[in-house]
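Q: Let me give you the structure first, and then I'll get to my questions.
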Amino acid sequence: MSQADAPLKRSHAAGGWGALRSCGKHLLRSGSAITGAMTLLKANQADGFDCPGCAWGDPEHGSSFEFCENGVKAVSWEATARRATPAFFAGHTVSELRGWTDYDLENVGRLTEPMRYDPETDRYVAVSWDEAFNGIAAELNALESPDEAEFYTSGRASNEAAYLYQLFARAYGTNNFPDCSNMCHEASGVGLTQAIGVGKGTVTLEDFHHADAIIVIGQNPGTNHPRMLGDLRKASMRGARVAVLNPIRERGLERFADPQDKIEMIRGGSTSIATHYYQPKLGGDMAAIRGVAKIVFARDDAARAAGRPSLLDESFIAEHTVGLDAWRAEVEATSWGAIEDQSGLTYDEIATLADVYLGGERVIVTWAMGVTQHKHSVATVREIANLLFLRGHVGREGAGLCPVRGHSNVQGDRTVGINENAPEWFLAAMEREFGFAVPRKPGHNVLHAIGAMVEGRSKAFIGLGGNFLRATPDTAVVEQALRNCRLTVQIATKPNLGHMAVGKVAYLLPCMGRTEIDRNSEKKTQIVTVEDSMSMVHGSGGINKPASPHLKSEVGVICGIAAATVGSAHVDWAAMAQDYDLIRDSIARTIPGFDDYNVRVRQPRGFRLRNAASEREWLTRSGRAEFSATPLPAEIEHQSARKRPGQFVLQTVRSHDQYNTTIYGLDDRYRGVYGERRVIFMNPDDIAAMGSTPNARVDVVGDASDGRARLAEDFRLVAYDIPRGCIAGYYPELNAVVPFTKAGDLSDTPLSKSVLVSLAPRAGEAA
Numbered sequence: 001m002s003q004a005d006a007p008l009k010r011s012h013a014a015g016g017w018g019a020l021r022s023c024g025k026h027l028l029r030s031g032s033a034i035t036g037a038m039t040l041l042k043a044n045q046a047d048g049f050d051c052p053g054c055a056w057g058d059p060e061h062g063s064s065f066e067f068c069e070n071g072v073k074a075v076s077w078e079a080t081a082r083r084a085t086p087a088f089f090a091g092h093t094v095s096e097l098r099g100w101t102d103y104d105l106e107n108v109g110r111l112t113e114p115m116r117y118d119p120e121t122d123r124y125v126a127v128s129w130d131e132a133f134n135g136i137a138a139e140l141n142a143l144e145s146p147d148e149a150e151f152y153t154s155g156r157a158s159n160e161a162a163y164l165y166q167l168f169a170r171a172y173g174t175n176n177f178p179d180c181s182n183m184c185h186e187a188s189g190v191g192l193t194q195a196i197g198v199g200k201g202t203v204t205l206e207d208f209h210h211a212d213a214i215i216v217i218g219q220n221p222g223t224n225h226p227r228m229l230g231d232l233r234k235a236s237m238r239g240a241r242v243a244v245l246n247p248i249r250e251r252g253l254e255r256f257a258d259p260q261d262k263i264e265m266i267r268g269g270s271t272s273i274a275t276h277y278y279q280p281k282l283g284g285d286m287a288a289i290r291g292v293a294k295i296v297f298a299r300d301d302a303a304r305a306a307g308r309p310s311l312l313d314e315s316f317i318a319e320h321t322v323g324l325d326a327w328r329a330e331v332e333a334t335s336w337g338a339i340e341d342q343s344g345l346t347y348d349e350i351a352t353l354a355d356v357y358l359g360g361e362r363v364i365v366t367w368a369m370g371v372t373q374h375k376h377s378v379a380t381v382r383e384i385a386n387l388l389f390l391r392g393h394v395g396r397e398g399a400g401l402c403p404v405r406g407h408s409n410v411q412g413d414r415t416v417g418i419n420e421n422a423p424e425w426f427l428a429a430m431e432r433e434f435g436f437a438v439p440r441k442p443g444h445n446v447l448h449a450i451g452a453m454v455e456g457r458s459k460a461f462i463g464l465g466g467n468f469l470r471a472t473p474d475t476a477v478v479e480q481a482l483r484n485c486r487l488t489v490q491i492a493t494k495p496n497l498g499h500m501a502v503g504k505v506a507y508l509l510p511c512m513g514r515t516e517i518d519r520n521s522e523k524k525t526q527i528v529t530v531e532d533s534m535s536m537v538h539g540s541g542g543i544n545k546p547a548s549p550h551l552k553s554e555v556g557v558i559c560g561i562a563a564a565t566v567g568s569a570h571v572d573w574a575a576m577a578q579d580y581d582l583i584r585d586s587i588a589r590t591i592p593g594f595d596d597y598n599v600r601v602r603q604p605r606g607f608r609l610r611n612a613a614s615e616r617e618w619l620t621r622s623g624r625a626e627f628s629a630t631p632l633p634a635e636i637e638h639q640s641a642r643k644r645p646g647q648f649v650l651q652t653v654r655s656h657d658q659y660n661t662t663i664y665g666l667d668d669r670y671r672g673v674y675g676e677r678r679v680i681f682m683n684p685d686d687i688a689a690m691g692s693t694p695n696a697r698v699d700v701v702g703d704a705s706d707g708r709a710r711l712a713e714d715f716r717l718v719a720y721d722i723p724r725g726c727i728a729g730y731y732p733e734l735n736a737v738v739p740f741t742k743a744g745d746l747s748d749t750p751l752s753k754s755v756l757v758s759l760a761p762r763a764g765e766a767a
């Protein structure tokens, strides 16, 4: 029996011995196992570096081991002994490398020297830093308008690098800041800003220790932020109810074995996480939450009629909110038929979820991209906030709103100014601090940037980390758009496929990683800072020798490009690169909440930025928390697909051996997939209904209504516990069928969790 024909062998539980074996495997594969293991002892420690993986918070009283399996993968990936030297690029053309997989290309190792693309030989060749900086400056300054350049930011950039990056671009004359947040979490920022006046979550990590009900919506922490499972496990063990809404059965949300629990490990045991697990259809979360609210209102009416106290927090509603009556009218006007059909849940299931909500004196709702990558994502975030307002679960201990960000500093980047439409107070502060006129015209987000490059309105692209090509939708369209650019610049630690989509002039600039020691010319060790999902800001200082003596920090690279491009009349870029304390001093003078930045960030665990909503101060137009009375969508994708035979709604997900577009390996043991990535998870009844069988090969055909053919070829069908009409598969491979022309209302986020597709049998497969 081939591996493809074998039944799924899913892990009994997340974590446990499987996680420890995986850690050892990845450390050994790095070629630098001892260095990697020693490095991990400083991960997320007060005197160490912030893990370059997820943005989950650190405990106030940390242990000696504050890392998870994915942290090990991230650290060993960065601390590898392998090197992508000029000799490697001399041996391979860019055209050849374009045909490599994401995994194979990044597995070459760390970049060692600045490189420029030579179109005559179709190869990257080494250049000096001065040649690179001056060449980039010449191309940028030759553009007809600064708005022809796009400045992309990955969430791995530090606060210091991101602040200087936006300062450089605005000094150059544009607000074009396509950012990784645009593709993932924008709906949370927009929805929460409307509802509570702050585009961030209101909880701290300690709130999870006091909550007695936690509702987890649209996220898979076992793969994406595994340290969260430890906090959910503790909550479950002390009796808190954990209700999960996720179309896919995720092992990490079912059971977790904590590798730091010696007794559990010795016994081979595990702890249940979810006390209730619901599987709505894709995009059905808003309808499910509305159903809970409908039951709450009905039970409140019954309680009042019987002379019992109201189930609602009437004092909170009266003192702190506006708009309840309009929303309640909308809820009561929504039929149960519409709620059940759109959510994919039954009345009884929604009623038990209402029991969890009403049974909690302290309720947290936490969510991620399963909520934020739909057309109606902002409305869903507003509906979640509405529900918590009903019983006053915002602004008190053990309760609140918790969007979990992805990359380690995606939230911090936005805080320090990576924003294509920054508020006026921020732009005015930049002018006061640096003495130049800051542009006011709103810039491009990710989808706008893609459109501008496709149409030839944008001619230069600079990427501060990440893999723009593979992270974005419509892979073939974006690749051609980048190759049509006059200039592409990629700042990175390792080569990836995005670097092979070269413009007419292209540079590949190597930078230090989070784990590496960053010293200035006077040998003074520098630290950088990051902000996690709980608004905690803390320092990060590497402990490893840099992978190459030619590397510069992200700050150093940005300052070099900026000085060559806009000069140093208003900003002393060389001084900033020499002393990061100067950057933090400027941040403190221009952004509220960073007073005494250099002092407070050097305290153990750093400091928390003030969140007005967590103190029940509402920075909204009304000065109160605002209920939203948005109707349910008339129809969402799974309902639309049902009307068209052969159509399904696809969500793209990560495998367990990846983080964002970085592929650490080819296994997904929590879902029972090994040695491959081109799979489609599908309900067994749907497989049978289309006349196929598990393990059959199919092509995934995307929407072509805009005249663009979209195709992802050769995927294996995997029978899985997922609602009928819904399918799932890994990105970036399936980004090829995600249209960049379709976006979330108000958020402009790609609809990566609600993609309409059909499946075509491969040649030789059954019809």
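Each residue of the sequence shown is one higher than the one before, starting from 1 at the first, in UniProt numbering.
Ideal Cβ positions, reconstructed from N, Cα and C, are used throughout, including at glycine.
Note that the structure is predicted; figures quoted are calculated from it, not measured.
Is the Cβ-Cβ distance between residue 580 and residue 528 less than 8 Å?
A: Annotated as proximal: residue 580 and residue 528, with beta-carbon spacing under 8 Å.
Q: Look at residue 109 and residue 552 and say whether their C-beta atoms are less than 8 Å apart.
A: no
Q: State the Cα-Cα distance for the pair residue 6 and residue 729, rounded to the nearest angstrom.
A: Since pLDDT at residue 6 reaches only 48, below the 50 mark, its modelled position is unreliable, and the value read off the structure follows with that caveat. Approximately 19 Å, taken between the alpha carbons.
Q: Which residue comes first and which comes last in the alpha helix (DSSP H) that contains residue 647?
A: Looking at the DSSP string, residue 647 is not in any alpha helix (DSSP H); the run it does join, the beta strand (DSSP E), is 647-653.
Q: Taking the runs of the beta strand (DSSP E) that are 3 residues or longer, which of them lie wholly in the segment 76-110?
A: none
Q: Got a sec? Which residues, its chain only, sit under 8 Å from residue 356 by beta carbon, not counting five neighbours each side?
A: 213, 215, 241, 243, 275 and 276
Q: Count the other C-beta atoms from every protein chain shown that fall within 10 angstroms of the C-beta of residue 444, then say buried if there are 16 or more, exposed otherwise.
A: buried
Q: Could you check where the alpha helix (DSSP H) with residue 447 kicks off and where it finishes?
A: 446-454
Q: Starting from the Cα of residue 208, find the closest Cα among 161, 184, 400 and 639 and give me that residue.
A: Here the closest residue by C-alpha is 400.
Q: Which class does residue 738 belong to by DSSP, given the choice of helix, strand or coil?
A: DSSP places residue 738 in coil when its eight states are reduced to three.
Q: I'd like to confirm the pairing. Which residues does DSSP put opposite residue 343 in its beta bridges?
A: Paired residue(s): none; residue 343 is not in a bridge.
Q: Measure the CB-CB distance between residue 756 and residue 569 and report whether it falls below 8 Å.
A: no
Q: Assign residue 252 to one of two classes, buried (16 or more other C-beta atoms within 10 Å of its C-beta) or exposed (fewer than that).
A: buried
Q: Do you know offhand how far residue 254's Cα is from residue 127's?
A: 52 Å
Q: What number of angstroms, rounded off, separates the C-alpha of residue 130 from the C-alpha of residue 719?
A: Inter-residue distance for residue 130 and residue 719 is about 55 Å (C-alpha atoms, whole angstroms).
Q: Could you tell me which residues DSSP puts in a beta bridge with residue 276?
A: 243
Q: Does DSSP put residue 180 in a helix, a strand or coil?
A: helix
Q: Can we say the segment 406-426 touches the segment 530-550, given the rule of at least three CB pairs closer than 8 Å?
A: Counting C-beta pairs with one atom in each stretch, the segment 406-426 and the segment 530-550 have three or more that are closer than 8 Å, which means they touch.
Q: Does DSSP put residue 185 in a helix, in a strand, or in coil?
A: coil
Q: Whether or not the segment 606-623 and the segment 555-564 are in contact is what I'm after, with contact meaning three or more pairs of Cβ atoms, one per stretch, closer than 8 Å; do they touch?
A: no
Q: Whole angstroms are fine: how far does the CA of residue 295 sit from the CA of residue 307?
A: 18 Å
Q: Under a three-way DSSP split, which group does residue 425 fall into?
A: helix
Q: Is residue 622 closer than 8 Å to residue 322 when the C-beta atoms are compared?
A: yes
Q: Where residue 177 and residue 248 are concerned, what is the direct C-alpha to C-alpha distance, given to the nearest angstrom?
A: 34 Å
Q: So what does DSSP say about residue 668, is it helix, strand or coil?
A: strand
Q: Could you check the C-alpha separation between residue 225 and residue 474 for me, to the nearest Å?
A: 27 Å
Q: When burial is assigned at 16 or more other CB atoms within 10 Å of the CB, is residue 64 buried or exposed?
A: Confidence is the limiting factor: at residue 64 the pLDDT is only 44, short of 50, which leaves the residue's position unreliable, though a coordinate-based value still follows. Exposed, because fewer than 16 other Cβ atoms sit within 10 Å of the Cβ of residue 64.
Q: When every heavy atom of the ligand HEM is checked, does at least one fall within less than 7 Å of the C-beta of residue 755?
A: Absence of the ligand HEM from the depicted structure is noted, as is the absence of any ligand whatsoever, leaving it without description.
Q: Among 97, 538, 647 and 544, which has the Cα closest to the Cα of residue 604?
A: When each option's Cα is compared against that of residue 604, the closest is 538.
Q: So for residue 702, helix, strand or coil by DSSP?
A: strand
Q: Counting only runs of 3+ residues fully inside the segment 558-633, write out the beta strand (DSSP E) ranges in chain order.
A: none
Q: By the DSSP assignment, the beta strand (DSSP E) with residue 367 in it spans what residues?
A: 363-367
Q: Cβ atoms of residue 515 and residue 543: under 8 Å apart, would you say?
A: yes
Q: Counting only the same chain and skipping the five closest in sequence on each side, list residues whose C-beta sits under 7 Å from that of residue 476.
A: 736
Q: Tell me, please, which residues DSSP counts as bridged to residue 750.
A: 743
Q: Smallest Cα separation from residue 360: which of 393, 299, 438 and 403?
A: When each option's Cα is compared against that of residue 360, the closest is 393.
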